[in-house]
Each structure stands twice: as structure tokens, then as C-alpha cells.
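This report refers to the structure that appears directly beneath it.
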Amino acid sequence: MPEYIYVLGMDGKPQMPPKRRRHVNKLLNTGKARIAEHVPFTIQLLYENNPTLQSVMMAEDPGRTNIGTAVVGLKGQLYLSAVVETRNKEIHKLMDKRLACRRASRNGERKARQSRAKRFGTMLKAGVLMRKLPQYGEDGFITCHVIRYTEARFCNRKRSKDWVTPTVEQLIRTHINLVHKMQKFLPITDVAIEVNRFAFMLLDDPTVAGVDFQKGPLKGYSNVNDAVFD
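Heads up: the sequence shown begins at 1 in the working numbering, then just goes up one per residue.
Okay, structure coming up:
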């Protein structure tokens, strides 16, 4: 069992975590509490009480691969500390796998449509059919092959203004889900996230400004290897 034991009230809301393991064991043995979670070890009270809550702060150190987090009290009590590994390295492989599955699915659907077109006599045997579509090319025309009267579904794709890459979206959701996870068994009142922006050129030369940032150590080289081995 950890140093602190996390407690949920009868209504499922988190309360201040105690250190009194003997008292917790007594509550469990007498049926006044039950084990709600094993990892982290959390109990839920089975009777009404009047808890006294204090200010509890959760701090996050964001990262692309690892996220450091800690939950502390007003007097510096460390209620929880953890390092969470993100799925940043898996996203690219998962996207490639999804692409392959979608291509296979679309290929099967295309074969089925061609089979139906052949059965109902709507397949093109000679020549091509020109169809005018919005937002496609200079003249707005596209050549449709194989099947007549098919609906165009590839020239109307849009991305919202707040669109981000799947990797970034995964990182954002991981940070948000981590906060929600901690709030399930700790009465967190404040959340602090460390945000850092570094200008390494300013560390070497404080007078750098404007277009000077474009004249860095890699200027004139195609990549880092060329600069290192020059």
C-alpha cells in the first residue's frame, strides 16, 4: 500500500488522503468501506461523513514522450508523483495501419459497385464521361471512369480551423485525461502546467533580433550532418 491512501466519499467524490493504515484496515474489516481501486489503492466509504477539504495543487511538466506530474498540498505534502509515457511513437504506425485498412475497405466497396454496375448495365464500355464538379481544377471538370452516375465524394473535404495533427491531438488528450484521472481520487483545486519557450540563439548572443534568427549556425548547410562534419 502507498504512503497515502486515497479515499472516496459515499457519493464518489474524492476526500483528503490519510496515512492511517490501521484505521483504513479497520474500516475495511468492519464493512464501513470497500476497495474502489487497487492501482492506485483507493477506498470508498460506505457511510455519510463531513470531510474537511484543503487546497490541493496538481503540477504537470509536459513532454512529447514523457509527462511528469505531482500532486502536493499547502504544506508541501507530496500526495502523488508519476511519470506518464505518451503514445507519441505509436501514432505514425497506427495511422499507416488505418490507411491500409481503409484502402482495403474502399477497394472492396469499389469492386462491389463495379459488379453492380456491370449487372445493371451502367458501366462505361467506350469513351469517357465528363462531369462538372465544384472546386476541382481550373475548368471544374473531372473524368469519371468505369461507372456512370457515381457520386463524387473526394472534392468536398474540409478541415476545421482548430485542426491539429494526430500526434499533437494525442498529446493534448493525454494531458487532459491525466488531469481528469487525478481528479477521480484526489480533491484537486488547482492545476499548474509548465510552459517553456527557449530561444537558444539568445542564450549565446543577447543582441539577436528579427532576421538575425535566420542566420543561425545551420545557415548554408542542407542538414545537421553537413554542419557537424564540415
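Beta carbons are placed, not taken as given, at the ideal position from N, Cα and C, and that holds for glycine.
Note that the structure is a prediction, hence the values are computed from the model and not measured.
Asked                                                                                                                                            : Found
Compute the Euclidean distance between the alpha carbons of MET201 and LYS219, then round it to the nearest angstrom.                            : 13 Å
Among THR207, GLN44, PRO51, ILE172, which has the Cα closest to the Cα of ASP61?                                                                 : ILE172
In terms of alpha-carbon separation, which member of LYS93, GLY210, THR165, GLU3 lies closest to PRO40?                                          : GLU3
Give the straight-line distance between the Cα atoms of ALA112 and PHE120, rounded to the nearest whole angstrom.                                : 12 Å
Is DSSP giving ARG64 helix, strand or coil here?                                                                                                 : coil
Grab the span of the beta strand (DSSP E) containing THR42 for me, first residue to last.                                                        : 42-45
Under 8 Å, do ALA33 and ILE43 count as touching if we go by C-beta distance?                                                                     : yes
Does the Cβ-Cβ distance between LEU46 and MET95 come in under 8 Å?                                                                               : no
Given a threshold of 16 other Cβ atoms within 10 Å of its Cβ, counted over all protein chains shown, does GLY17 qualify as buried or as exposed? : It is worth fixing the name first, because residue 17 is Pro in this sequence and not Gly. Buried is the call here.
Shortest alpha-carbon distance to GLU37 belongs to which of VAL72, LYS26, LEU8?                                                                  : LEU8
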